[in-house]
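Note that the protein sequences, when read in sequence, are chains A and B.
Residue numbering for the first sequence follows my numbering, starting at 306 and increasing by one per position.
Residue numbering for the second sequence follows my numbering, starting at 306 and increasing by one per position.
One structure is given below, encoded as structure tokens.
There are 2 protein chains.
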Amino acid sequence: MMDNTELSERKKKILRTVVEDYIETAEPVGSKTVAGEMEVSSATVRNEMAELEGLGLLEQPHTSAGRIPTAQGYRLYVNELMNRHRLSLEETEEINRSMKSRLTQLDKLLADAGQLASRLTDYPAYSLCAAPETATIVRYDLIYVDANTFIMVVMLSNSTVKNKLVTLPAKIEQETLQKLSTVFNASFTKITEDKITPSLISSTERALGDKLGLVAVAAGFAIETLMEAQRTQAYVSGASHLLLHPEYRDVGKAQRLMDYLSDGTELLKLPAPEGESVKITIGPENLREELQDSSVVVAKYDVGDNMQGLIGVVGPTRMDYSKVAAKLSYIAGSLGRIISGDNPRQLTDNNKET
Amino acid sequence: MMDNTELSERKKKILRTVVEDYIETAEPVGSKTVAGEMEVSSATVRNEMAELEGLGLLEQPHTSAGRIPTAQGYRLYVNELMNRHRLSLEETEEINRSMKSRLTQLDKLLADAGQLASRLTDYPAYSLCAAPETATIVRYDLIYVDANTFIMVVMLSNSTVKNKLVTLPAKIEQETLQKLSTVFNASFTKITEDKITPSLISSTERALGDKLGLVAVAAGFAIETLMEAQRTQAYVSGASHLLLHPEYRDVGKAQRLMDYLSDGTELLKLPAPEGESVKITIGPENLREELQDSSVVVAKYDVGDNMQGLIGVVGPTRMDYSKVAAKLSYIAGSLGRIISGDNPRQLTDNNKET
DNA sequence: ATTAGCACTCGACCTCTCTGAGTGCTAAAA
DNA sequence: TTTTAGCACTCAGAGAGGTCGAGTGCTAAT
Chain A
306 MMDNTELSER KKKILRTVVE DYIETAEPVG SKTVAGEMEV SSATVRNEMA ELEGLGLLEQ
366 PHTSAGRIPT AQGYRLYVNE LMNRHRLSLE ETEEINRSMK SRLTQLDKLL ADAGQLASRL
426 TDYPAYSLCA APETATIVRY DLIYVDANTF IMVVMLSNST VKNKLVTLPA KIEQETLQKL
486 STVFNASFTK ITEDKITPSL ISSTERALGD KLGLVAVAAG FAIETLMEAQ RTQAYVSGAS
546 HLLLHPEYRD VGKAQRLMDY LSDGTELLKL PAPEGESVKI TIGPENLREE LQDSSVVVAK
606 YDVGDNMQGL IGVVGPTRMD YSKVAAKLSY IAGSLGRIIS GDNPRQLTDN NKET
Chain B
306 MMDNTELSER KKKILRTVVE DYIETAEPVG SKTVAGEMEV SSATVRNEMA ELEGLGLLEQ
366 PHTSAGRIPT AQGYRLYVNE LMNRHRLSLE ETEEINRSMK SRLTQLDKLL ADAGQLASRL
426 TDYPAYSLCA APETATIVRY DLIYVDANTF IMVVMLSNST VKNKLVTLPA KIEQETLQKL
486 STVFNASFTK ITEDKITPSL ISSTERALGD KLGLVAVAAG FAIETLMEAQ RTQAYVSGAS
546 HLLLHPEYRD VGKAQRLMDY LSDGTELLKL PAPEGESVKI TIGPENLREE LQDSSVVVAK
606 YDVGDNMQGL IGVVGPTRMD YSKVAAKLSY IAGSLGRIIS GDNPRQLTDN NKET
């Protein structure tokens, strides 16, 4: 199909007009409409469009309808024809305002950023933050609360801190905690989750003379924390926005895509930008069946600590790539700055329950 | 409309048949179909149905279509006619299996339970857990990590524990932390968030000779934690399930409802069961515009600590109330047992970041 | 009180036609 | 050689009309 020789300027102009008009109206674009924006007649445009169709850049939904871009057409548009959309002052202000939340918890912040992205683009958005290497526990602290309650605090190598309130049926003394803490810091740090074996636990138990199952509880929490640190979660917002777009008028199609989006683990596998800051994947360029006729635009941001975050949206191939890319990239920048930059040591954590 | 005199047994039987058939098929039910399940002719059924229509319990989508139940019809069915659906062994087993997750974090557990509810019912589900009284901070602990890093741990009156990693540009000493901790435990406990005023902060700062803004950081975290403890969050799962049901074939309708669901804060306002364990709200009984032609079934569970949790689903008025109520109620029971019962002191918490 | 019978209603579905936007081709103009 | 005007052609979509059948309400007989 697509061949390497450059398109004539005129063909480019036509392709571009078709793409942009189609993005706006969702209706096939006819030669007359295109001619209206050029200095040639519709007949000439027709000839050119026929050739663009031959190159696999345009197609007709049916004979005697206007043309719409193919995935290849969009690709060429995105790579060469699209001009960078510049955000207006109001837009950047809105983003700044929305992002300057006092929320300092990472997950909330991510979820919020996704929501913002979704609202600004009218497409479903997702966001996630992944650590490339596996974390280990750096230190344990046990805080004595009362005779049968203590708080366990663990700090991970990626500077995450988690805690747990432990209530025991029996009484414990401060010294016991003290001892336990020392042992844990000696034997249960700097190891990965799979190294905490039942045999290690029981030998520690014996060495410590622990009859309350303290070691088991603590080790369990350690494992859980490590596992959770490894699992990256994706947040999805505004899935319902899909239904705003005519290409998802077909309920079955919308349903399938929404199901896919809500899976969470699936989203982690989506392509991430490599060199560039924004990656655009158009229709059939997606590997997943569910995304065959949808596009994904995703921006990355750095978080420090070798962590990398992504924020993206999913929508029909007829997507305003220029605007979406600009917005995502701005949000991503803002997010990166908030997390690792300006107020760097504010992120916190939380939680739970007797 | 509906009047207080009891319906004849036969009318009840007819109403019930119509409701159950309609729940199953989503098609208006004709007199012949109903007659098939009774010992009278279709003509008799027709007469009876006409009367039921007069009572406002049934209606016709158009002349010469079968009847469908009105909201009042469903209400009467739910109150008097419906027999308790009993879960099969497989069903209870599946629920038990799914709920016996090792996840001990409250929010994850809630989200999971919602997902389960959604999967089992094919309707969107939501879950939340609300504390009726406002929490206060019970104690502070500051853990020294290194010269410019410490972990702050606060415990709330509702037994929640939260922590935060604080990194300072300047060096601190253990004794400073010690002092800070004492001061905080003396002046910043047992108060609500609005009592932590700037003037209190600055006076404490002066008293302590704090030049690093330590007090401000700590107080900020305290406020944030208290605010977060107050805010209850609702988790929604399976919103896309809406599209499975023919009543939401109309994309606009589905879109509006899904938007409503994704708001989160709105869901907190939904009716909760009072005496009973399951509350059913049918169509126009809902106050919200968005729910006028949808029904909400919600079950409550107790968590101890005066906390109350809810788990519910939203769907079309044509909903299998019996089955849904049974499932929700079972899940709620299971949830309540996990959270406050069997392994009571396992819930933990988490997190974050340099 | 129930039921068989019957005329009637009306949505669902099919077919047919008409319309107009848009095409490709051809032949003339530049 | 490229562009353009002109024209015949195509086809989705909207609308009109027709048929079908499920379901009704009413009446008269049981």
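Note that beta-carbon positions come from the ideal geometry of N, C-alpha and C, so glycine has one too.
The structure displayed is predicted, hence computed values, not measured ones.
- Contact between B:Val619 and B:Tyr428 holds, with the beta-carbon distance rounding to 6 Å and staying under 8 Å.
- In terms of beta-carbon proximity, B:Gln560 lines the interface with chain A, with at least one pair separated by less than 8 Å.
- Within chain A, the residues Ser545 have their CB atoms less than 8 Å from the CB of B:Asp564, given in chain order.
- Under the three-state reduction of DSSP output, A:Arg372 falls in the strand class.
- For A:Lys628, no beta strand (DSSP E) run applies; the uninterrupted alpha helix (DSSP H) run containing it begins and ends at 626-641, by DSSP.
- Scanning B:Ala604, B:Glu571, B:Val608 for the CA closest to the CA of B:Arg593 turns up B:Glu571.
- The C-alpha of B:Ala521 lies about 33 Å from the C-alpha of A:Glu480.
- In this structure, A:Tyr449 lies away from A:Phe489, with their beta-carbon atoms at least 8 Å apart.
- The CB of A:Asp446 comes closer than 7 Å to the CB of Ile448 in chain B, given here in chain order.
- Contacts between A:Ser567 and chain B, judged by CB atoms closer than 8 Å, involve Ser542, Gly543, Ala544, Ser545 in chain order.
- In the three-state reduction of the DSSP assignment, A:Val603 falls in the strand class.
- Listed by position along chain B, the residues whose Cβ is nearer than 8 Å to that of A:Met460 are Val450, Ile456, Leu470.
- Contact annotation: B:Lys495 and B:Thr441 have beta-carbon atoms nearer than 8 Å.
- Residue range 612-621 is occupied by the beta strand (DSSP E) that includes A:Gly617.
- Taking a Cβ-Cβ threshold of 7 Å, none of the residues of chain A is close to B:Ser336; the smallest such distance is about 32 Å.
- Pairing B:Leu433 with B:Leu633 gives a Cβ-Cβ distance that is not under 8 Å.
- Between B:Asp598 and B:Ser645, the C-beta spacing is not below 8 Å.
- Remark: three or more beta-carbon pairs, one from each stretch, lie closer than 8 Å, so the region 323-333 of chain A and the region 370-381 of chain A are flagged as touching.
- Looking at the backbone, the Cα of B:Thr330 and that of B:Gln365 are separated by about 16 Å.
- Interface with chain B (8 Å Cβ-Cβ cutoff): A:Ser464 is included.
- Of all residues in the region 583-599 of chain A, none is placed with a Cβ closer than 7 Å to any Cβ belonging to chain B.
- Assignment of B:Glu364 by DSSP, reduced to helix, strand and coil, places it in the strand class.
- Restricting attention to alpha helix (DSSP H) runs no shorter than 4 residues, the region 534-616 of chain B encloses them at 556-568, ordered along the chain.
- About 3 Å separates the Cβ atoms of A:Gly371 and A:Pro333, confirming a contact at the 8 Å cut-off.
- With a contact defined as Cβ atoms closer than 8 Å, B:Tyr431 and B:Tyr540 qualify at about 6 Å.
- Under the Cβ distance rule, A:Arg554 counts among the residues neighbouring chain B, one pair being separated by less than 8 Å.
- Boundaries around A:Thr426 are those of the alpha helix (DSSP H), 411-426, since no beta strand (DSSP E) includes it.
- A:Pro474 is positioned such that its CB atom lies no closer than 8 Å to that of A:Glu552.
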